[in-house]
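Residue numbers (my numbering), protein chains in the order written: chain A, 39 to 372; chain B, 225 to 551.
The beta carbon of each residue, even a glycine, is placed where N, CA and C say it ideally should be.
Beneath this line is the structure, given in structure tokens, with notes to follow.
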Amino acid sequence: MSDTAAQTRHIPDRLNSRAFRILRSWETLLLGVAIAIFVINTFTSPYFLNAWNLSDATFNFTEKAMIAFAMALLIISGEIDLSVASIIALASTAMGLAVQYGAGTPELVLIGLGVGLLCGAFNAVFVTILGLPSIVVTIGTMSLFRGISYIILGDNAFRGYPDSFAWFGQGYLYWVFTVEMLFFVVIAIFYGVLLHKTNFGRAVYAIGNNPTAALFSGIRVQRVKFILFLLTGLMSGVAAICLTSRLGSTRPSIATGMELEVVTMVVLGGINILGGSGSIPGVVIAAFVMGLVTFGLGLLNVPGIVMSIFIGLLLIGVIALPRLWSMFTARRAS
Amino acid sequence: MLSRLFPARETILASAIMLLLVIVASRFHGFVAPSNLANVFNDTAPLIILALGQTVVILTRCIDLSVAANLALTGMATAMINVALPGLPIPVIIAIAVMLGAIMGAINGVLVWKLAIPPIVVTLGTMTIFRGIIFLISDGKWVNSHEMSAAFTGFPRAAFLGLPVLSWTAIATVIIFAIMMARTPLGRSIFAVGGNPHAAVYTGINVGKTQFFAFVISGALAGLTGYLWVARYAVAYVDIAGGFELEVVAACVIGGISIAGGAGSVGGAVLGAIFLGVVKNALPVVNISPFWQLAISGSAILIAVAFNARAGRAKGRIILKTTEANS
Chain A
39 MSDTAAQTRH IPDRLNSRAF RILRSWETLL LGVAIAIFVI NTFTSPYFLN AWNLSDATFN
99 FTEKAMIAFA MALLIISGEI DLSVASIIAL ASTAMGLAVQ YGAGTPELVL IGLGVGLLCG
159 AFNAVFVTIL GLPSIVVTIG TMSLFRGISY IILGDNAFRG YPDSFAWFGQ GYLYWVFTVE
219 MLFFVVIAIF YGVLLHKTNF GRAVYAIGNN PTAALFSGIR VQRVKFILFL LTGLMSGVAA
279 ICLTSRLGST RPSIATGMEL EVVTMVVLGG INILGGSGSI PGVVIAAFVM GLVTFGLGLL
339 NVPGIVMSIF IGLLLIGVIA LPRLWSMFTA RRAS
Chain B
225 MLSRLFPARE TILASAIMLL LVIVASRFHG FVAPSNLANV FNDTAPLIIL ALGQTVVILT
285 RCIDLSVAAN LALTGMATAM INVALPGLPI PVIIAIAVML GAIMGAINGV LVWKLAIPPI
345 VVTLGTMTIF RGIIFLISDG KWVNSHEMSA AFTGFPRAAF LGLPVLSWTA IATVIIFAIM
405 MARTPLGRSI FAVGGNPHAA VYTGINVGKT QFFAFVISGA LAGLTGYLWV ARYAVAYVDI
465 AGGFELEVVA ACVIGGISIA GGAGSVGGAV LGAIFLGVVK NALPVVNISP FWQLAISGSA
525 ILIAVAFNAR AGRAKGRIIL KTTEANS
């Protein structure tokens with residue numbers, strides 16, 4: 039009981055106004071960064087401000103963002119899924135295999151989504167039913183799923199996808215607006231509503247903040263987590279369809295390292311890596327920031343592996359800087 | 225007494241390895257010939273060394289996914305130093321490798337200790353940063369065997385009492401770790417931090433600092449292995465040991481190192497590494513494509529972690545005093 043006295047919290051007399059809170063939020067800061075990068079890119083490369091180039095640039099982030107939305111909910115609930123890139127590899131391999139047996143586009147889509155769901159369910163069983171830590175489980179399935187792709191494909195590749203299948207990754211709806219952009223917007227709205235406007239979303243936050251308290255307040259913690267793993271698997275399936283359709287071929291090394299970019303996008307979007315807080319609009323802006331940065335660096339002929347240094351620095355920096363700042367201000371205050 | 229000598233988990237793992245050897249040997253007698261077993265051990269030596277470093281990190285409730293990238297960066301750096309200064313004696317090269325690796329480990333450690341960033345995020349980030357730096361310093365080029373000096377590539381293969389230096393390095397690391405974990409304050413505090421961080425603080429152990437040292441140890445071993453790896457295979461490029469960090473974690477998990485920290489043994493980690501090494505070397509012998517390796521280590525992680533959880537499952541939480549009194 040004596041502990042509670044030491045842990046008194048400062049409760050403000052009145053809350054800041056809504057406008058002030060929005061102005062000071064992580065999302066606003068991120069939006070400022072996005073605008074700054076946009077302006078810098080415009081000045082550094084003459085090829086940047088072109089509707090078609092910008093449209094091409096969206097491919098840098100749409101597929102990753104689809105997974106990032108589902109991953110955001112998963113991370114808010116205190117779990118993580120590192121196997122997403124491997125799920126893409128396995129789903130893509132399954133679709134490629136189906137093509138060899140003459141599957142058409144509708145079957146391919148069903149197979150892609152089905153494999154994604156199955157992989158998500160596989161992770162979910164280990165985490166929620168057997169009660170194992172999600173980091174280890176998904177590190178294991180990361181090897182397992184991609185390993186199965188390697189067993190099936192070896193050093194070969196699947197090609198020969200039907201022409202109509204190209205619609206998902208290469209199709210345009212109108213002028214420069216791609217089919218993937220439509221998916222991106224629809225999925226963003228779906229997850230935004232799911233997280234911020236439904237009971238399910240409130241449950242996700244509650245579980246992330248205190249799973250025990252959530253359980254005792256009547257939330258079926260394991261069931262919610264099971265659904266979140268299913269959703270992440272499903273989104274990986276959608277991303278696999280888009281990526282396979284865009285590339286037109288499947289190799290077992292497809293999407294290697296994408297889990298890192300997805301997690302970076304989620305963390306950059308202001309989702310607390312320890313769970314409990316964050317928002318979908320943040321992830322949307324983070325997706326644009328990462329897309330703009332990689333596109334800008336690409337226009338400056340920076341190789342992909344050097345961009346990955348930048349992604350790594352971004353991941354650590356985004357978490358480190360606020361902590362450094364609070365340490366700095368705390369030291370000044372004392 | 226017998227159960228103390230042979231803890232259940234290590235005995236099971238050792239029996240599994242023996243069973244595997246017997247099955248392979250029943251069809252291919254040559255596999256269990258002493259010279260071939262020595263080869264298998266030598267081939268597994270880097271995995272054993274890295275698994276021991278990873279064990280220390282996992283025991284303190286952290287994880288180090290950057291070991292393979294650290295290994296590759298140190299390997300590339302030592303290879304480039306060797307090309308630039310062919311006359312540099314091998315002990316100096318080894319010292320540089322260990323230092324470089326330790327510095328990279330220290331970077332991970334500081335971020336975990338001082339900024340309290342989750343280890344998985346830190347090492348996922350540094351993993352790509354280290355790989356990217358290899359590209360920057362090497363310009364994407366390979367360092368090939370004809371550019372390296374004979375002393376540089378010869379050292380890990382030099383035979384000493386019938387075994388190559390690489391194998392002896394692994395054996396020495398195992399002995400040092402066995403002593404360190406059982407007999408030194410650092411070893412005991414590593415267990416204490418992982419077992420119960422709050423209790424560790426009350427016994428005067430600095431939790432963050434212990435985790436920092438765990439990362440430095442893991443990094444230094446990755447650096448040492450980086451030189452040995454590059455010298456043994458006589459080639460350095462950006463992607464060497466790609467994905468090896470998963471195999472290292474797999475070895476630890478199979479060896480019964482609890483990912484929740486605080487439980488595990490040096491012997492377990494070594495047996496876990498040897499298990500994977502035997503599987504890897506047996507695959508081509510029994511005519512299974514090496515492409516199976518990745519899926520097998522993935523399944524091994526899942527089976528091992530499920531098995532660990534069954535063995536050490538916590539009983540339900542006691543929330544009523546009366547129940548507690550009855551039990």
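Close Cβ partners of residue i (< 6 Å) along its chain, the five nearest in sequence each way excluded
i	result
methionine 225/B	The pLDDT assigned to methionine 225/B is 43, lower than 50, so where the model puts this residue is not dependable; a value taken from the coordinates is nonetheless given after this. The answer is none, since no qualifying residue turns up.
leucine 269/A	Ala108
methionine 300/B	Ile358, Ser362 and Ala460
arginine 289/A	Ala195
alanine 241/A	Ile257 and Val262
arginine 285/B	Gly418 and Gly485
glycine 207/A	Cys280, Ser283 and Arg284
Helix, strand or coil at residue i [DSSP, three-state]
i	result
alanine 383/B	strand
threonine 288/A	strand
valine 280/B	helix
proline 508/B	helix
valine 340/A	coil
proline 342/B	coil
proline 388/B	strand
Nearest-angstrom Cα separation, counted from residue j out to residue i
i	j	result
alanine 72/A	valine 217/A	23 Å
leucine 87/A	phenylalanine 333/A	11 Å
glutamate 117/A	proline 249/A	11 Å
leucine 372/A	serine 63/A	At residue 372/A the sequence reads serine, which differs from the leucine that was named. Approximately 25 Å, taken between the alpha carbons.
leucine 112/A	phenylalanine 238/A	12 Å
isoleucine 173/A	glutamate 297/A	12 Å
isoleucine 498/B	leucine 191/A	28 Å
alanine 458/B	leucine 390/B	14 Å
asparagine 161/A	isoleucine 186/A	15 Å
methionine 225/A	isoleucine 257/A	As written in the sequence, residue 225/A is isoleucine, which differs from the methionine given in the question. So the two alpha carbons sit approximately 25 Å from each other.
valine 336/B	alanine 330/B	10 Å
glycine 286/A	serine 130/A	10 Å
alanine 438/B	arginine 456/B	27 Å
valine 529/B	leucine 170/A	7 Å
tyrosine 374/A	alanine 132/A	Not covered by the structure: residue 374/A. The range shown for chain A is 39 to 372.
valine 322/A	tyrosine 229/A	11 Å
glycine 491/B	alanine 506/B	22 Å
serine 115/A	asparagine 91/A	37 Å
arginine 407/B	phenylalanine 254/A	44 Å
valine 276/A	glutamate 234/B	43 Å
glycine 333/B	phenylalanine 384/B	36 Å
alanine 141/A	leucine 155/A	19 Å
proline 421/B	threonine 427/B	10 Å
phenylalanine 401/B	glycine 364/B	36 Å
isoleucine 403/B	leucine 283/B	16 Å
Same chain only: Cβ atoms within 8 Å of residue i, ignoring 5 sequence neighbours per side
i	result
serine 424/B	A small correction: the amino acid at residue 424/B is alanine; serine does not occupy that position in the sequence shown. So the list reads Ser413, Ala416, Val417, Val431 and Thr434, once near-sequence residues are dropped.
isoleucine 357/A	Val305 and Ile311
leucine 220/A	Leu211
glutamate 145/A	Ala136
leucine 69/A	Ile323
threonine 82/A	Gly334, Leu337 and Leu338
Expected contact under 8 Å - CB spacing of residue i and residue j to nearest Å
i	j	result
glycine 466/B	alanine 262/B	So it is not a contact: roughly 27 Å between Cβ atoms.
methionine 303/A	methionine 328/A	6 Å
valine 398/B	isoleucine 272/B	7 Å
asparagine 532/B	serine 482/B	6 Å
valine 301/A	leucine 289/B	Contact doesn't hold; Cβ gap of about 12 Å is too wide.
methionine 242/B	valine 307/B	Between valine 307/B and methionine 242/B the Cβ distance is about 44 Å, and since that is not below 8 Å, they are no contact.
glycine 501/B	isoleucine 478/B	Not a contact, Cβ separation roughly 11 Å.
cysteine 476/B	alanine 275/B	6 Å
alanine 519/B	isoleucine 189/A	6 Å
Beta-carbon contacts of residue i that lie in its chain and below 7 Å, excluding the five residues immediately before and after
i	result
alanine 269/B	Leu390, Ser391, Thr393 and Ala394
valine 153/A	Leu128, Ala129, Ala132 and Gly275
isoleucine 236/B	none
glutamine 278/B	Asp288, Val291, Ser442, Val472, Val473 and Cys476
proline 166/B	In the structure as shown, chain B starts at 225 and stops at 551, and residue 166/B therefore has no counterpart that could be examined.
Inset, instruction - Report the residue ranges of all alpha helix (DSSP H) runs contained in full by the segment 422–492 of chain B; include only those spanning at least 4 residues, in chain order. - result: 431–457 and 468–478
Legend entry - Complete runs of the alpha helix (DSSP H) confined to the segment 169–231 of chain A [at least 4 residues]: 172–191 and 205–208
Inset, instruction - Write down every uninterrupted run of the alpha helix (DSSP H) in the segment 64–145 of chain A whose length is 4 residues or greater and which is fully enclosed by it, in chain order. - result: 64–82, 89–95, 100–114 and 122–138
Legend entry - alpha helix (DSSP H) runs contained entirely in the segment 271–326 of chain A, provided each spans 4 or more residues: 296–306
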